[in-house]
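See below for the structure under consideration.
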Amino acid sequence: DAKTTQPPSMDCAEGRAANLPCNHSTISGNEYVYWYRQIHSQGPQYIIHGLKNNETNEMASLIITEDRKSSTLILPHATLRDTAVYYCIVRTKGGNKLVFGAGTILRVKS
Amino acid sequence: GAVVSQHPSRVICKSGTSVKIECRSLDFQATTMFWYRQFPKQSLMLMATSNEGSKATYEQGVEKDKFLINHASLTLSTLTVTSAHPEDSSFYICSAPPTAPQETQYFGPGTRLLVL
Chain A
1 DAKTTQPPSM DCAEGRAANL PCNHSTISGN EYVYWYRQIH SQGPQYIIHG
51 LKNNETNEMA SLIITEDRKS STLILPHATL RDTAVYYCIV RTKGGNKLVF
101 GAGTILRVKS
Chain B
111 GAVVSQHPSR VICKSGTSVK IECRSLDFQA TTMFWYRQFP KQSLMLMATS
161 NEGSKATYEQ GVEKDKFLIN HASLTLSTLT VTSAHPEDSS FYICSAPPTA
211 PQETQYFGPG TRLLVL
């Protein structure tokens with residue numbers, strides 16, 4: 001599975017949009033981009049995933065560049081409860097194990 | 111969505127004892143489950159893949175005799191930390207991919223192990 005690169009940390013004001021970038025320049029054609037987050041002392045929580053089209057669900061939006069070498073997770077109206085570590089993972093759909101990188105620590109501040 | 115539970119949520123034990131952690135898929139069957147370990151301020155590290163009806167597959171550097179894995183049924187996998195030592199203190203998390211054609215893995219809430 002391709003490797004991903006994320007900034008180590010980001011701050012966001014409460015109520016504003018949080019835009020979390022991820023680089024995956026070696027992604028292959030059959031690999032999806034998945035996003036998970038981990039709130040302190042909890043198991044990871046699935047957020048969203050996509051292949052090449054932009055995706056939106058009740059939690060977030062995922063914007064994938066046309067060349068698929070990078071993506072952005074958007075939390076439209078961040079709240080204090082969105083403070084967590086966000087992981088961007090690339091893998092084949094239905095593939096087995098997930099390999100976690102360091103992720104981005106998102107701090108939402110009032 | 112699918113639910114994965116873990117028990118216990120936290121455990122404190124003396125050095126040299128063994129600790130068993132259970133991972134259950136509550137509303138789906140899982141022929142495969144994954145066990146991760148997470149040290150403070152670090153990312154999740156995959157330890158092993160548990161397979162129902164066959165031996166677990168361990169990642170490089172993980173001692174299979176120390177971390178015993180048993181996938182007893184399609185809804186239960188257990189991780190036993192044998193002869194635990196303080197350096198085994200960590201957050202242990204399991205996950206399971208549903209056998210139905212969903213696309214994501216679901217994670218348990220984790221088990222905090224403290225070895226004194």
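Here the protein sequences come in this chain order: A and B. Numbering-wise (my numbering), the first sequence opens with residue 1 and increments by one. Numbering-wise (my numbering), the second sequence opens with residue 111 and increments by one. All C-beta atoms in this analysis are idealised placements derived from N, C-alpha and C, irrespective of residue type, glycine included.
Quiz prompt | Of the residues P8(A), Q45(A), S110(A), Y34(A), the one placed nearest A78(A), counting alpha carbons only | solution = S110(A)
Quiz item: Is DSSP giving R68(A) helix, strand or coil here?
Solution: coil
Exercise. Consider the Cβ of S126(B): report whether some Cβ of chain A lies at a distance smaller than 9 Å.
Key: The displayed chain sequence assigns Gly, not Ser, to residue 126(B). It does not; no Cβ of chain A falls within 9 Å.
Quiz prompt | Below-9 Å beta-carbon distance, S41(A) vs any chain B residue | solution = yes
Practice problem: Measure the Cβ-Cβ separation of L186(B) and E132(B) and say whether it is below 9 Å. | Solution: yes
Practice problem: Could you please tell me which residues of the stretch 134-168 of chain B, in chain order, have their CB closer than 9 Å to any CB of chain A? | Solution: T142, F144, Y146, Q148, Q152, S153, L154, M155, L156, T159
Quiz item: What residue range is occupied by the uninterrupted beta strand (DSSP E) comprising F100(A)?
Solution: Counting along the chain, F100(A) falls outside any beta strand (DSSP E), and DSSP gives it neither H nor E.
Practice problem: Report the option in L224(B), L226(B), C204(B) whose CA atom is closest to the CA atom of L156(B). | Solution: C204(B)
Quiz item: Between S25(A) and S70(A), is the Cβ-Cβ spacing less than 9 Å?
Solution: yes
Quiz item: Would DSSP call L226(B) helix, strand or coil?
Solution: coil
Quiz item: Considering only the beta carbon of each residue, do Y146(B) and L154(B) sit closer than 9 Å?
Solution: yes
Quiz item: Nearest chain B C-beta to V85(A) closer than 9 Å, yes or no?
Solution: yes
Exercise. Classify I122(B) as buried or exposed, calling it buried when 16 or more other Cβ atoms lie within 10 Å of its own Cβ.
Key: exposed
Practice problem: Please check if any C-beta of chain B sits within less than 9 Å of the C-beta of V99(A). | Solution: yes
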